[in-house]
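To start, the structure under review is shown below, and the notes come after it.
Residue numbers (this note's numbering): -17 to 182.
Quick look at the structure:
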């Protein structure tokens, strides 16, 4: 019951003056408080427990007691945050293989000739620049000889429409729809990072 209302608890504690939220858990635990942390401009730390801790790994936060040392050092870095249909994410979004139409930055449209998948990446090793790396992988050729065509675009706003409802994955969470509106919020989240983080 506690984590069911984690977002509300963070908002209540912020009214009492807290400036930092330390999440003890995994990616799923983090997702429950992410909107509140971003909305209230709080600093975010993580102590990873159990499995499915890809985001803590990206932040360079180790398991065990060493995580507490990283939190205590309080090395803060502002990072971009993504927004998918009103839900924020940190790492990225994967749209599974389907027939899609993409409107990019409100300026041009991309419609692959064949089905394919789309991966929208937020945190990369050398790019925290207010834009996503958007990778389009479409399949072409015969049934016996399939080739994968790959295109990469740097985008800030993406409207994706699929031929039918599909389950996208955002930071490990399933989001089912046929409409995926994705945007970036530059330097929106302040996180406590370790030396082995996946970005500069």
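No residue lacks a Cβ here, since even glycine has one placed at the ideal position from N, Cα and C.
Practice prompt. Assuming residue -11 contacts residue 72 (C-beta within less than 8 Å), just tell me the rounded distance between them.
Written response: No, residue -11 and residue 72 are not in contact; Cβ-Cβ is about 16 Å, not under 8 Å.
Worksheet entry | Nearest-angstrom Cα separation, counted from residue 146 out to residue 106 | Answer to the nearest angstrom: the Cα atoms are 30 Å apart.
Worksheet item: Residues in its own chain within less than 7 Å of residue 191 by CB, not counting five upstream and five downstream?
Response: Nothing can be reported for residue 191, as the shown portion of the chain is limited to -17 through 182.
Worksheet item: Would you say residue 103 and residue 114 are within 8 Å of each other, going by their C-beta atoms?
Response: Yes, Cβ-Cβ distance for residue 103 and residue 114 is below 8 Å.
Discussion item. Would residue 51 and residue 35 be called neighbours here (beta carbons separated by less than 8 Å)?
Written reply: No, these two residues do not count as a Cβ contact at 8 Å.
Worksheet item: Looking only at C-alpha atoms, which of -5, 43, 116 sits nearest to residue 134?
Response: For the set -5, 43, 116, the Cα lying nearest the Cα of residue 134 is the one of 116.
Worksheet item: Relative to the alpha-carbon of residue -4, which residue among 54, 15, 161 has its alpha-carbon at the smallest distance?
Response: Closest option to residue -4, Cα to Cα, is 15.
Discussion item. Excluding the 5 residues flanking residue 18 on each side, which residues of the same chain have their C-beta closer than 6 Å to its C-beta?
Written reply: Excluding positions up to five away in sequence, the list reads -11, -8, -7.
Discussion item. The beta strand (DSSP E) that contains residue 75, what's its start and end?
Written reply: Note, residue 75: beta strand (DSSP E), 74 to 80.
Worksheet entry | Cα-Cα separation, residue 179 to residue 56 | Distance between the alpha carbons of residue 179 and residue 56 is about 14 Å.
Worksheet item: Going by other Cβ atoms of all chains shown within 10 Å of its Cβ, with 16 needed for buried, is residue 140 buried or exposed?
Response: When all chains shown are included, residue 140 counts as buried.
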